[in-house]
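Asker: Please see the structure below; I have some questions.
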Amino acid sequence: MKKIINSSKLVLIAAVLLFNSCKKDDPVHEHDNEEMKTMTLSFTEKTTNAKVEVIIDATDTKPQSLNLKKGNYDLDIKLKDFDGHEVQQEISDDADEHQFFFVGPTKEQITFTYLDQQVGLKSNWKVLDKASAIPMKIVLMHGLNKTKVTAADWNNSSYQSIGGGTPDISVNVTLNLID
Numbered sequence: 001m002k003k004i005i006n007s008s009k010l011v012l013i014a015a016v017l018l019f020n021s022c023k024k025d026d027p028v029h030e031h032d033n034e035e036m037k038t039m040t041l042s043f044t045e046k047t048t049n050a051k052v053e054v055i056i057d058a059t060d061t062k063p064q065s066l067n068l069k070k071g072n073y074d075l076d077i078k079l080k081d082f083d084g085h086e087v088q089q090e091i092s093d094d095a096d097e098h099q100f101f102f103v104g105p106t107k108e109q110i111t112f113t114y115l116d117q118q119v120g121l122k123s124n125w126k127v128l129d130k131a132s133a134i135p136m137k138i139v140l141m142h143g144l145n146k147t148k149v150t151a152a153d154w155n156n157s158s159y160q161s162i163g164g165g166t167p168d169i170s171v172n173v174t175l176n177l178i179d
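The opening residue of the sequence shown carries number 1 in the UniProt record's numbering; numbering runs sequentially from there.
The structure is reproduced here in structure tokens:
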């Protein structure tokens, strides 16, 4: 009788071990970068309060057009992930690891100022001169060394070699500066 009880216990223990060892954990998708799908650029002209808004899907291959008249604008950027959730708060919370670059316009065409901890979710743009069809790349870098990058590098085409890091999102627009 004792042998039957011990055998039953042994079978029960083996079954528990077998079922526990066969459980397959779902793989955890680990990444350092936020995954973003859309960028909304909301420009507000400070004198007239006129608004210019462009929504850019990072998966689109054709650049959107952005038309700005001469003036003084505040830019507010909103970002959404692939599930449609806004993620700019995460970027702001990790300001020491993120920075936007706006490569294309020259300092003679636009005076640019970061209005947040040199991130670029909020910035000021003074449109100084007319220009048509300026290819502009807007990129949010993650994990860069911000001690090597200055606010004056906002349009530096060598942004990646200066501070390192990897892009969280990169989009292309055609910028038109008009009267």
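Built from N, CA and C at the ideal position, the CB exists for glycine as well.
Based on DSSP bridge pairs, tell me the residues matched to Pro71.
Answerer: In the sequence shown, the residue the question calls residue 71 occupies position 71. The residue asked about is misnamed: residue 71 is Gly in this sequence, not Pro. In the DSSP assignment, the residues bridged to Gly71 are Val127.
Asker: What are the partner residues of Ser170, as DSSP defines its beta bridges?
Answerer: The residue labelled residue 170 in the question sits at position 170 within the sequence shown. Beta-bridge pairing links Ser170 to Val139.
Asker: Quick check: Met141 and Gln109, are their CB atoms within less than 7 angstroms of each other?
Answerer: The residue you call residue 141 lines up with position 141 of the sequence shown. The residue you call residue 109 lines up with position 109 of the sequence shown. For Met141 and Gln109, no; Cβs fall outside 7 angstroms.
Asker: Here's a check: name, in chain order, each residue in its chain whose Cβ is nearer than 8 angstroms to the Cβ of Asp25, leaving out the five neighbours to either side.
Answerer: Start at 1 with the first residue of the sequence shown, and residue 25 comes out as number 25. In this predicted model, Asp25 has a pLDDT of only 48, less than 50, meaning its place in the structure is not dependable; the value taken from the coordinates is given anyway. Result list for Asp25: empty, nothing under 8 angstroms.
Asker: Alpha carbon to alpha carbon, what distance is there between Asn67 and Met136?
Answerer: Position 136 of the sequence shown, counting from 1, holds the residue named residue 136. Position 67 of the sequence shown, counting from 1, holds the residue named residue 67. One C-alpha to the other measures close to 12 angstroms.
Asker: Going along the chain, which residues of its own chain have a beta-carbon closer than 6 angstroms to the beta-carbon of Phe43, five neighbours each way excluded?
Answerer: As a working mapping, residue 43 is identified with position 43 in the sequence shown. Hits under 6 angstroms: Val52, Tyr73, Leu75.
Asker: Here's a check: name, in chain order, each residue in its chain whose Cβ is nearer than 6 angstroms to the Cβ of Ser65, leaving out the five neighbours to either side.
Answerer: Taking the first residue of the sequence shown as 1, we reach residue 65 at position 65. Thr174.
Asker: Since Tyr159 sits in a beta bridge, which residues does DSSP pair it with?
Answerer: Here residue 159 refers to the residue found at position 159 of the sequence shown. DSSP, once it has assigned bridges, lists no residue as partnering Tyr159.
Asker: Could you check how far apart the C-beta atoms of Met36 and Asp168 are, in whole angstroms? I think they sit under 8 angstroms.
Answerer: Here residue 36 refers to the residue found at position 36 when the sequence shown is read from its first residue. Here residue 168 refers to the residue found at position 168 when the sequence shown is read from its first residue. About 6 angstroms separates the two Cβ atoms, so the contact holds.
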